[in-house]
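Participant:
Protein chains: 2
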Amino acid sequence: MIKKQALKPSQTDAKQPVHEQVYQTLRAMILFGELAPGQAVTIQGLTDSLGAGMTPVREAIRRLMSEGALMFQGNRRVSVPVLTQDDLHQVIFIRKSIEAELARRAAQKMTPTAAEALEKLDAALDQAIETGDVGGYLRSNYDFHALLYSVADAPILTEMADRLWLRFGPSLRVVCGRFGTQNLPDRHKEMLKALHAGDVEGVARAMEQDVEQGMEQMAGVLSENEGRHDSI
Amino acid sequence: MIKKQALKPSQTDAKQPVHEQVYQTLRAMILFGELAPGQAVTIQGLTDSLGAGMTPVREAIRRLMSEGALMFQGNRRVSVPVLTQDDLHQVIFIRKSIEAELARRAAQKMTPTAAEALEKLDAALDQAIETGDVGGYLRSNYDFHALLYSVADAPILTEMADRLWLRFGPSLRVVCGRFGTQNLPDRHKEMLKALHAGDVEGVARAMEQDVEQGMEQMAGVLSENEGRHDSI
DNA sequence: CAGCCAAAAATTTGATCATATTCTGCCGCC
DNA sequence: GGCGGCAGAATATGATCAAATTTTTGGCTG
C-alpha cells in the first residue's frame, strides 16, 4: 500500500496549485522506484494518502499516464507499467540518440559554475555507490543528468529524455535493489574530463556509452526475471 | 473563436468516456491545424463548444499540455504553442532518428495487406496535393506515417513520434496554407519501392530524407516569419 | 475643458470540492 | 457453473471560491 503522507507546501513550492504538487509527488515516487512495476494506483487511495481532492488527483494521474509513467489497464484500472525487454530496447535506442545530442549541446554551452556543480553531484554519486545507498544513487544519477540537460537549453529534447527516465525508473530501482550499486557502470568521470578539455564529441561519446552500458545491464537483469511475478 | 460543434458519439467511439472523446477531438484540431499557433484555449470555452463538463475538459487539456500540444502560459492561461526555429531543429533531430528506426522496423514486419493500404494512402496524398486540398494532404500524410508506425509494432517509439507531430502540426498547417501543397517534398514513392524490394535500409533512408526535407522546408518558411505577429 | 493615468469594481476564467451517477468485479445463491 | 445483486471505485456535474484581466470611473494635469 501507499504510505500516508500529507502534501507539505514546502518553501520552494510556494503557491503551486494542488494538482501540480500531486503530480510532482507522484512523479518522484515513480521515478525513484517507491512504486514497484505492476503496482496498482487508485484515485481514492491517493486522495486519502495525499489528502487532496479527486479532481487534482485525476489530473495528475492523466498527466502521468500520458507520459508513460502510469498505464491504463483497459478496465478503468491504472498501474505502474512493467517494462518488457522489447520496451527497454526502444528506450535504449532513443536515449542513446537524445542524450548524446543533449550532451553535445551542454558541452558547447557549459559554464564553470555548472561544471563545478556537476563535479559535486558526481562525488555524491560515488559516495552513494560506495555506501550502497540505492535511493541516493538513483537521485544523484538523475540529478547529474538533469543538470546537464538544463545546461543544454533544449526544452523539447529535455522533455523527451525526462519522459524516458520515468519509463525505466521503477525497473531500475528493482535492479539496484536486487544487485546493489557496486557494478553499475559510470562514465561520468570520462564525461567530465572531456568537458574540461572542451572535447564536445568526447562528451557525447561518453554519454552514449554511459547510457548504453547502464541500460544493457538492466536489460540483462530484466531478461532473467521476465515472466516471474515476484517483486523487489 | 472556436466553432461550436457538439461531440458526436460516432459508431467507432462506441462507449468511450467523455474525457477521451474531448481529448481526441482537441488532438485532431491541433494536429490538423484547426487551431492556429498562439491561439488561446480556455476551459470554459471548450465546455461550451463541446458540451462537456469541466472535469473531462480539464483532463484533456492537461494531457495535451503534457504532450507539448498545448502550452501553459504561466498565468494559468493555456494556448497553442508557437514553434521557434530552435524548437523546430530539436524536432527535426529526433524525428530523423525515431522515424528512421520506425521505418526500419516496419520494413521488417511489413505484410502485403499493409503495403497495399500504404499505396492507397499515398495515392490519396497525391490527389490532395494536385487539387491543393491542404486539410486532405495533412490527414493523408499523417495517416501514411501512422500506418507505418503501427506496422513497426514499437509502442514507445510510436508514441514519441506522435508527440512530435502534435508539436509541428499547427505550424505545418500555417506553412501549407501560405504556400500551397505543390512544392512539398514526398519521398513516399521511394519508400514504397524500397519496401517492395525488401531493402530495409533503403526504406529507413527514404524516411529520413522525407522527414528532413519536409522539416527543413518548414524551417525555411518559419524563419521568414519569425517575430511577425500575423497569422495564416 | 479634454486627455490620461491609476485605482477599484466587475466580469471572466481557473481551481477545488462535494455529490450524484455509472460501471466493474466479486460474492452468494439458485 | 451460471446469473443477479451488491459493494466499491471511477466518471461526470455543478456549485463555490480564488485569481486575473478588463472595464469603469475619478482625479489630476496640460
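So the protein sequences, as listed, match chains Y and H. Each residue of the first sequence is one higher than the last, beginning at 1 in UniProt numbering. Each residue of the second sequence is one higher than the last, beginning at 1 in UniProt numbering. Idealized CB from N, CA, C, for every residue including glycine. The model shown is predicted, which means the values in this text are computed figures rather than measured ones.
Can you check whether the CB of I30/H is closer than 8 Å to the CB of G169/H?
Facilitator: In contact: G169/H and I30/H (Cβ atoms closer than 8 Å).
Participant: Alpha carbon to alpha carbon, what distance is there between A161/Y and Q39/Y?
Facilitator: Their backbone Cα atoms lie some 24 Å apart in a straight line.
Participant: Would you say V221/H and V151/H are within 8 Å of each other, going by their C-beta atoms?
Facilitator: Against a cut-off of 8 Å, the Cβ pair of V151/H and V221/H comes out as no contact.
Participant: How long is the line joining the alpha carbons of R58/Y and A206/H, rounded to whole angstroms?
Facilitator: In a straight line, the C-alpha of R58/Y is about 42 Å away from that of A206/H.
Participant: What residues from chain H crowd round Q90/Y, counting only those whose CB sits closer than 7 Å?
Facilitator: Simply A154, I156 and L157.
Participant: So is E130/Y buried or exposed if we call it buried at 16+ other beta carbons inside 10 Å?
Facilitator: The residue is exposed, with fewer than 16 neighbouring Cβ atoms inside 10 Å.
Participant: Verify the CB distance criterion: does M160/H have a CB-CB separation below 8 Å to chain Y?
Facilitator: Yes - at least one Cβ of chain Y is within 8 Å of the one on M160/H.
Participant: So, does the segment 62-72 of chain H touch the segment 101-115 of chain H, judging by three or more C-beta pairs under 8 Å?
Facilitator: They do not touch, by the three-pair rule.
Participant: So, does the CB of F168/H fall closer than 8 Å to a CB anywhere in chain Y?
Facilitator: No, because no Cβ of chain Y sits closer than 8 Å to the Cβ of F168/H.
Participant: Please confirm if I98/H has its CB atom under 8 Å from at least one CB of chain Y.
Facilitator: Yes, I98/H counts as interfacial toward chain Y.
Participant: Any C-beta of chain H sitting closer than 8 Å to the C-beta of I30/Y?
Facilitator: For I30/Y, the answer is no, since every Cβ of chain H falls outside 8 Å of its Cβ.
Participant: Hey, how far is the Cα of Q85/Y from the Cα of G135/H?
Facilitator: So the two alpha carbons sit approximately 39 Å from each other.
Participant: Between I43/H and chain Y, is the shortest Cβ-Cβ distance under 8 Å, so that the two count as touching?
Facilitator: Cβ-Cβ to chain Y under 8 Å: no for I43/H.
Participant: Taking only beta-carbon atoms, is S66/Y less than 8 Å away from chain H?
Facilitator: Yes, S66/Y lies at the interface with chain H (some Cβ there is under 8 Å from its Cβ).
Participant: How big is the Cα-Cα spacing for S223/H and Q209/Y?
Facilitator: So the alpha carbons of these two residues sit roughly 36 Å apart.
Participant: Are the beta-carbon atoms of G180/H and G214/H separated by less than 8 Å?
Facilitator: For G180/H and G214/H, no; Cβs fall outside 8 Å.
Participant: Less than 8 Å between the C-beta atoms of V41/Y and R104/Y, yes or no?
Facilitator: For V41/Y and R104/Y, no; Cβs fall outside 8 Å.
Participant: From E101/H to D48/H, what does the alpha carbon distance come to, in whole angstroms?
Facilitator: Approximately 42 Å, taken between the alpha carbons.
Participant: Could you confirm whether any beta carbon from chain H is found closer than 8 Å to the beta carbon of I129/Y?
Facilitator: No, because no Cβ of chain H sits closer than 8 Å to the Cβ of I129/Y.
Participant: Need the endpoints of the alpha helix (DSSP H) that D126/Y sits in, please.
Facilitator: Element bounds for D126/Y: P112 to T131.
Participant: What in chain H is Cβ-close to E59/Y, meaning under 7 Å?
Facilitator: Within chain H, the residues near E59/Y are R58, E59 and R62.
Participant: Do A154/Y and Q90/H have their CB atoms nearer than 8 Å?
Facilitator: Yes, Cβ-Cβ distance for A154/Y and Q90/H is below 8 Å.
Participant: I believe R95/Y touches L147/Y by the beta-carbon criterion, under 8 Å. Please report the beta-carbon distance rounded to the nearest angstrom.
Facilitator: Wrong, their Cβ atoms sit about 17 Å apart, outside the cutoff.
Participant: Is R167/H near L35/H, with beta carbons less than 8 Å apart?
Facilitator: Not closer than 8 Å, so no.
Participant: Label M54/Y either buried or exposed according to how many other C-beta atoms from any shown protein chain fall within 10 Å of its C-beta, with 16 as the threshold for buried.
Facilitator: Exposed, because fewer than 16 other Cβ atoms sit within 10 Å of the Cβ of M54/Y.
Participant: Do we get a CB-CB distance below 8 Å when we pair D186/Y with the residues of chain H?
Facilitator: With 8 Å as the cut-off, D186/Y does not count as an interface residue toward chain H.
Participant: Taking Cβ-Cβ distances below 8 Å as the criterion, which residues of the segment 45-56 of chain Y are in contact with chain H?
Facilitator: Answer in chain order: T55.
Participant: In terms of alpha-carbon separation, which member of A123/Y, L46/Y, L118/Y and N183/Y lies closest to Q217/Y?
Facilitator: Among A123/Y, L46/Y, L118/Y and N183/Y, the Cα nearest to that of Q217/Y belongs to N183/Y.
Participant: DSSP three-state label for A100/Y, please.
Facilitator: Residue state, collapsed to three classes: helix.
Participant: Against chain H, with Cβ distances strictly below 8 Å, would F93/Y count as a contact?
Facilitator: Yes, contact with chain H.
Participant: In angstroms with no decimal places, state the Cα-to-Cα distance between L26/Y and H19/Y.
Facilitator: So the two alpha carbons sit approximately 10 Å from each other.
Participant: Determine the contact status of G33/Y and L172/Y, defining contact as a CB-CB distance below 8 Å.
Facilitator: A contact, by the Cβ cut-off of 8 Å.
Participant: Opposite A40/Y in the DSSP bridges: which residues?
Facilitator: Looking at the DSSP assignment, A40/Y forms a beta bridge with S79/Y.
Participant: Within 8 Å of any Cβ in chain Y, is that where the Cβ of E212/H sits?
Facilitator: No, no contact with chain Y.
Participant: Hey, out of T113/H, N141/H and L88/H, whose CA is closest to A123/H's CA?
Facilitator: That would be N141/H, whose Cα lies nearest to the Cα of A123/H.
Participant: With C-beta atoms as the reference, is I92/Y less than 8 Å away from E212/Y?
Facilitator: In this structure, E212/Y lies closer than 8 Å to I92/Y by Cβ.
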